[in-house]
Amino acid sequence: MDTLLTFENSYEAYQSEYTPNDWTPKDPRKIWHIIFQVPQGQIAGVAALASSRHAGFVEITDDTQPNPYDNLPNEAYMQALIGAVAGGKPRAADPATFSGSYVAGLPADAAVSSSDYSSVTLTWSSVGSALGYAVYKNGVRVVELPPFMTRATIAMLEPGTSGMTFEVRTILATGSGGQSRSLSGSTKSLPSTGTVSNVGFTTDGNTATYKADVLVPYGFVRLFLGIKQPDPGIGRGWPIHSPALGGPSGETAFHQIVNYLVEGNSFYSGFSKYTGTWYELSPDNAEWSWESIGTAPQTQNGYTYTWTVPLAGTDAVASEYLIQCQGYAPLNNVFKGTLRHYGSV
């Protein structure tokens, strides 16, 4: 069942910036709202508001940007969520009983057509009277496809994995299994730079162009820019901590401070300035607080991301940048600016 995600933003935006559809869905289950940064005391109100807006699927969380999906709320919050929604029987019909057969050996021409760092693609010719196709990885069925699809990409695989076996079976109304046809597949190993490589930038007047090859899928790929910061201790901005340790004893933690953010995709890429009050010796956590100052177009061609950033009217320093990849694959921060540490204060 297709569902439309028509809202994904904060609690405050849900209260003051929501734009309703100009039509009422016949089935509320077709509408999905995601509201993050919701205080526990406001859960019931948000759930009621979502219902009045005809959203049958609602996700409510107290997690915040930059990634409101990486932490689960605590037990009290989850109980408040459960209490905010009336119980009952799900509006879902019982699934139809499957009476077909998964026939091995058909299609007879399945092959591994390509692979990259985290996926393997299989292709085959259509089989007459097929109800669909099932793809197996290492003997386990991982995906089923309708009969008009003759290509499958098995993704989220570990880079540098060899010895995987794949098989495509045809789903028929009746039939018996033939001889299994196993296919061998592997993924490419990452370069020494890891999941992001060929990172660099050029400038032309007041425009900076950044490029990076992102070799595995991520939910978010962000470009951060910094400014010329004062001495350690009074630097201001959004801190991003490096996992690398240094110093004479190897116990010094480093961080980079950023002040501008480019985030989006090929359709829209926003350019924002940090408006939080955090500074290096602050005892408080940094606020995720940004103000839109325009757009900075970005494109993606294969693995290569390109950002074109207008620097006029900003105090951003082109060489003080960081590329952050987050979601699906493990977090990867590529530090290209100045790393600072509190030990120098």
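Residue numbering for the sequence shown follows numbering that gives the first Met the number 0, starting at 0 and increasing by one per position. Backbone N, C-alpha and C fix where the C-beta goes; we use that ideal spot for every residue, glycine too. Note that the coordinates shown come from a computational prediction; the quantities given were computed from them, not determined experimentally.
Do the CB positions of ILE170 and ALA133 come within less than 8 Å of each other?
yes
So if DSSP puts SER271 in a beta bridge, which residue, or which two residues, is it bridged to?
According to DSSP, SER271 shares a beta bridge with LEU260 and SER291.
Rounded to the nearest angstrom, what separates VAL220 and GLN178 at their Cα positions?
44 Å
By the 10 Å Cβ neighbour count, where 16 or more other Cβ atoms means buried, how is TYR267 classified, buried or exposed?
Residue burial annotation: TYR267 is exposed, with fewer than 16 other C-beta atoms found within 10 angstroms of its C-beta.
Keeping to the same chain, check which residues put their C-beta closer than 6 Å to that of LEU182; ignore five residues upstream and five downstream.
VAL111 and PHE165
For LYS210, the nearest candidate out of GLY301, VAL167 and TYR101 (CA to CA)
GLY301
Are the Cβ atoms of THR202 and SER185 separated by less than 8 Å?
no
Interface flag, LYS25 vs chain D, CB-CB below 8 Å:
You won't find chain D in this structure, because it holds only one protein chain.
In chain order, what residues of the same chain have a beta carbon less than 8 Å from the beta carbon of ALA12, not counting five sequence neighbours either side?
Once the five neighbours on either side are set aside, ALA12 has no close Cβ partner at all.
If you follow the alpha helix (DSSP H) that SER50 is in, where does it begin and where does it stop?
42 to 51
So the beta strand (DSSP E) SER183 belongs to, where does it begin and stop?
Per DSSP, SER183 belongs to the beta strand (DSSP E) from 182 to 184.
Between which two residues does the beta strand (DSSP E) containing ALA92 stretch?
From DSSP, ALA92 is part of no beta strand (DSSP E); its letter is neither H nor E.
Are the beta-carbon atoms of ARG180 and GLY127 separated by less than 8 Å?
no
Using 8 Å for Cβ pairs, my map puts LEU156 next to SER113. What's the rounded Cβ distance?
Incorrect: roughly 13 Å between the Cβ atoms, too far for contact.
How about HIS53 and PRO24: are their beta carbons less than 8 Å apart?
At a Cβ-Cβ threshold of 8 Å, HIS53 and PRO24 count as neighbours.
Report yes if the CB atom of PRO65 is closer than 8 Å to the CB atom of PHE35, and no otherwise.
no
Does THR192 pass the burial test, meaning 16 or more other C-beta atoms within 10 Å, or should it be called exposed?
exposed
Just reading off the beta strand (DSSP E) that GLN325 is part of, what are its end residues?
315 to 334
Sequence-distant residues of its chain with Cβ nearer than 6 Å to ARG235 (five each side left out)
TYR278
Where DSSP assigns a beta bridge to GLY131, which residues make up the other side?
ILE170
Here's a check: name, in chain order, each residue in its chain whose Cβ is nearer than 6 Å to the Cβ of ASN264, leaving out the five neighbours to either side.
none
What is the DSSP secondary structure of ILE233, reduced to helix, strand or coil?
coil
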